[in-house]
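Visitor: Heads up, the sequence shown is in this note's numbering, so the first residue is 88 and it goes up one at a time.
Take a look at the following structure, please.
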Amino acid sequence: WNASGELVVEEDIQQGFENTPKTFLRLFQGKNLGKQLLRIAEVEDLP
């Protein structure tokens, strides 16, 4: 399914630790589309 494009993965990504309460509300109210994710901070590239 994945190789043929039939499987589509949707992610709903919210940004910032300060948006944690809003993100949980979106999840519990069913307002997210697909996987609900919260990006706390950008990860710096390691040397």
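Backbone N, C-alpha and C define an ideal beta-carbon position, used for all residues, glycine too.
Just so we're clear, the structure is a prediction, and the values are computed from it rather than from any experiment.
Under 9 Å between the Cβ atoms of Glu98 and Lys122?
Guide: With a cutoff of 9 Å on beta-carbon distance, Glu98 and Lys122 are scored as near each other.
Visitor: For Leu133, is the classification buried or exposed, using 16 other Cβ atoms within 10 angstroms of its Cβ as the cut-off for buried?
Guide: Its pLDDT being 48, under 50, Leu133 is placed unreliably in this model, and the coordinates cannot settle the point.
Visitor: At which residues does the beta strand (DSSP E) containing Lys122 begin and terminate?
Guide: 122-126 is the extent of the beta strand (DSSP E) around Lys122.
Visitor: Please confirm whether Leu125 and Gln102 have their CB atoms less than 9 Å apart.
Guide: yes
Visitor: Put Glu105 into one of helix, strand or coil per three-state DSSP.
Guide: helix
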